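Residue numbers (numbering that gives the first Met the number 0), protein chains in the order written: chain B, 0 to 112; chain V, 0 to 112. Before any comments, here is the structure.
2 protein chains.
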Amino acid sequence: MSNKRRKQSTNKRHALVFAALGDQTRLSLVSKLSDGQPRSITLLSDDHKLTRQAITKHLHVLENAGIVQCIRSGRESIFQFDVQPLDDLKDYLASVSDQWDQTLSRLKSFVED
Amino acid sequence: MSNKRRKQSTNKRHALVFAALGDQTRLSLVSKLSDGQPRSITLLSDDHKLTRQAITKHLHVLENAGIVQCIRSGRESIFQFDVQPLDDLKDYLASVSDQWDQTLSRLKSFVED
DNA sequence: GAATTACGCAACCAAATGGTTGCTTTACTT
DNA sequence: AAGTAAAGCAACCATTTGGTTGCGTAATTC
């Protein structure tokens with residue numbers, strides 16, 4: 000069955016997205032772009048202390064994780080947010096959390112017996 | 000106000016936890032431990048190809064993010080899962096996702112006008 | 001068409017990460 | 001008390017990461 004392989008690549012994807020969010024600068028970029036307004040690179044790097052190129056690298060990490068998409072418009076690169084990868088993570092975390100809650104309730108009823 | 004500072008350190012914490020999950024090996028460790036059963040290091044490294052020391056390092060990364068706690072019992076170190084940091088991430092992702100949905104609905108009603 | 005703006009590309013660098021090996025220490029077993 | 005099992009500690013290594021600077025290129029503006 001390709002279930003195992005499916006699951007492996009899913010874990011790899013999750014790890015990729017988690018890793019992309021595992022940085023303060025990138026988190027702040029996500030938080031900006033998640034207001035729905037696409038922005039150019041210079042605009043995104045304006046209120047940062049980092050260089051434009053540093054921001055560019057971070058944006059490409061986010062893009063590689065699918066969190067953000069880039070479209071070229073004229074001479075600027077516009078980045079826009081995509082919510083789906085984050086939604087996937089949310090579901091994943093919810094599943095872990097649910098499993099945990101069930102474990103707790105099983106433990107509780109065991110103690111009560 | 001310490002609101003900004005609070006938010007910063009929160010973002011730092013989030014980034015820490017995200018980064019801790021941004022690795023396949025650590026994700027698999029979390030997935031094992033999230034069944035509620037605490038395990039020793041050797042037990043956790045038994046079905047991995049990696050060395051015990053490599054697994055130990057990963058476990059300490061998880062511990063540093065608060066995802067896992069270590070208690071010494073006799074000659075073994077027992078690691079147990081803590082769901083709270085993941086719950087925090089889940090809430091954070093939910094807030095981003097909610098903001099996004101509201102943005103979409105605003106956009107939709109704008110187009111409909 | 002000349003200046004400016006926005007960006008890409010590449011080299012380079014320091015520090016962090018992910019992994020190994022070797023050895024010591026601590027606790028359990030017999 | 002000797003042997004073994006579990007883990008800690010430290011050094012070492014290759015690769016990745018996060019950042020910079022310098023320069024080239026494409027698109028706008030004047």
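Ideal Cβ positions, reconstructed from N, Cα and C, are used throughout, including at glycine. Since the model is a prediction, treat every value here as computed from it, not as a measurement.
When Cβ-Cβ separations below 9 Å define contact, residue 46 of chain V makes no contact with chain B. Residues of chain B with a Cβ closer than 7 Å to the Cβ of residue 53 of chain V do not exist, since the nearest Cβ in that chain sits about 16 Å away. Taking 9 Å as the CB threshold, residue 72 of chain B stays off the interface with chain V. Look at the region 9 to 20 of chain V: the residues with a C-beta under 7 Å from a C-beta of chain B are 10, 11, 13, 14, 17, 18, 20. For residue 79 of chain V, the uninterrupted beta strand (DSSP E) segment begins and ends at 75 to 80. Between the beta-carbon of residue 96 of chain V and that of residue 85 of chain B there is about 6 Å, and that keeps the pair under the 8 Å contact cut.
The distance from the Cβ of residue 92 of chain V to that of residue 88 of chain B is about 6 Å, consistent with a contact at the 8 Å cut-off. The beta carbons of residue 38 of chain V and residue 78 of chain V sit about 6 Å from each other, so the pair counts as a contact at 8 Å. Boundaries for residue 70 of chain V: no alpha helix (DSSP H) harbours it, while the beta strand (DSSP E) harbouring it runs 67 to 72, taken from the DSSP string. Close to residue 89 of chain B, with beta-carbon spacing below 8 Å, are these residues of chain V in chain order: 89, 92, 93, 96. Excluding the 5 residues flanking it on each side, residue 70 of chain V has same chain C-beta neighbours closer than 6 Å at 77, in chain order. Assigned with DSSP and collapsed to three states, residue 39 of chain B falls in strand. Proximity of residue 28 of chain V to chain B, defined by a Cβ-Cβ separation below 9 Å, is not satisfied.
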